[in-house]
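In what follows, a single structure is set out as structure tokens and then discussed.
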Amino acid sequence: MRIPNNKSRQSKRFINRRRRTVVVVVILVLVSIGSWTWTISRLTDLAFLTIRNIEITADPDISIVIDQTVKRSLEGQYLGLFSRSNTLIYPRLSLIDEIKSADPRIESVLIKRKGLNALAVFVTEKIPAAIVCAGLPDEINTQFIISKYLGSCYWADKNGFVYEKTSSKYGTKYNKYFIPDLDVLVGDSIQAMFATSTDEFLLLQSFYDEIRENNIDVQAILMKENREYELYILNPDHGAVSDDKSMAVVYFNTSHSLPKQASNLISFWNSMTADARARGETVSFEHIDIRYGSNVSYKRN
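Residue numbers (my numbering): 173 to 473.
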């Protein structure tokens, strides 16, 4: 005679009851999540939590594009549920990135809430550190930078980032570079780019400044291929010679120590100038080559 297994029946009933309980709990959780999601979604659309005003502190030239960028970024919803213009959950970090991408002149962006319905946007523009010109300095005279190449010269920041066309009054305090194949313009707009790698640009800036600080009148640097460069400087006695002999070309590169090449040029320049002065002669070089150590080679006019 077979005895019924009561424990087995009880175990099955318990399992079925537990399954039903789990299903009910899951349904209740989903309903709760859905209710809270719907409630929060509606709350994010409330007018008193919506960003309606944008205050921009920036140059008027770029304020319009910043305003358009901010308004565009605050449109729509996250996942089709939560308003992007809600003052508590607006996309601050992505908004900063979008503003920076809106104009190459922008260096940094700070965004703060101003009350519940406004954003204050503070924009800092890049500071010019150098002038970069497209083309070759094929007319060597004391005014070639200002006269011929003004229309194809651009500002570069401290990292060598080319971002804006220069104005007609940029003065003489900025270091100037020529890049033969520089192609910045796309139609009437500037396609921002680096003149060279940042590390290379910093080396060149330091070299340029050191030469100028030692009373050598630097006009520009021509960037060539394979880290080769030409430095254009005024001859010591440029006022006593014709325009076509007033400029000297110095050949250098960054494959070898640039501080050492600068030191060699300065020593050579001072020595040759002092000797010429002692003999009452005029100093005028066609070119000087400082790429091969302290044995500087040169050709005089």
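The beta-carbon is built from N, C-alpha and C at its ideal position, and this holds for glycine as well.
Query	Result
Which of helix, strand or coil DSSP assigns to Y478	Nothing can be reported for residue 478, as the shown portion of the chain is limited to 173 through 473.
Presumed contact (8 Å Cβ cut-off) between L406 and D381, rounded CB distance	About 17 Å; that fails the 8 Å criterion.
W441 versus T338: straight-line alpha-carbon distance, rounded	32 Å
Endpoints, alpha helix (DSSP H) assigned at I238	232 to 245
Classification of Q240 by the beta-carbon crowding that lies within 10 angstroms, buried from 16 upward	exposed
I462 beta carbon less than 7 Å from that of L437	yes
Chain-order list of residues whose beta-carbon lies under 8 Å from that of Y349 (same chain, five-residue window excluded)	A302, I303, V304, C305, A328, A367, L376, A392, I393, L394, M395
Three-state secondary structure (DSSP) of Q433	helix
Best match in Y470, S466, L221 for proximity to Y457 [C-alpha to C-alpha]	Just to set this straight, residue 457 is Phe in the shown sequence, not Tyr. Per the Cα distances, Y470.
For Y250, the three-state DSSP class (helix, strand or coil)	strand
Same chain only: Cβ atoms within 7 Å of R384, ignoring 5 sequence neighbours per side	V390
Per DSSP, cross-strand counterpart(s) of V422	L403, I460
Cα-Cα separation between D275 and S245, rounded to whole angstroms	15 Å
Where N398 falls: helix, strand or coil (DSSP)	coil
Option in I187, R264, V293 with minimal Cα separation from I278	V293
Per-residue DSSP class, three states only, for R189	helix
Closest Cα partner of N347 within the set Q363, E453, F373	F373
Reduced DSSP secondary structure (H/G/I, E/B, other) of L291	strand
Close Cβ partners of S183 (< 8 Å) along its chain, the five nearest in sequence each way excluded	none
Pair within 7 Å by beta-carbon distance, Y335 and A364	yes
The beta strand (DSSP E) enclosing K335, as first and last residue numbers	What sits at residue 335 in the sequence shown is Tyr, not Lys. Note, Y335: beta strand (DSSP E), 333 to 337.
For R256, the nearest candidate out of S418, T222, I187, V237 (CA to CA)	T222
DSSP-derived helix/strand/coil call for S369	coil
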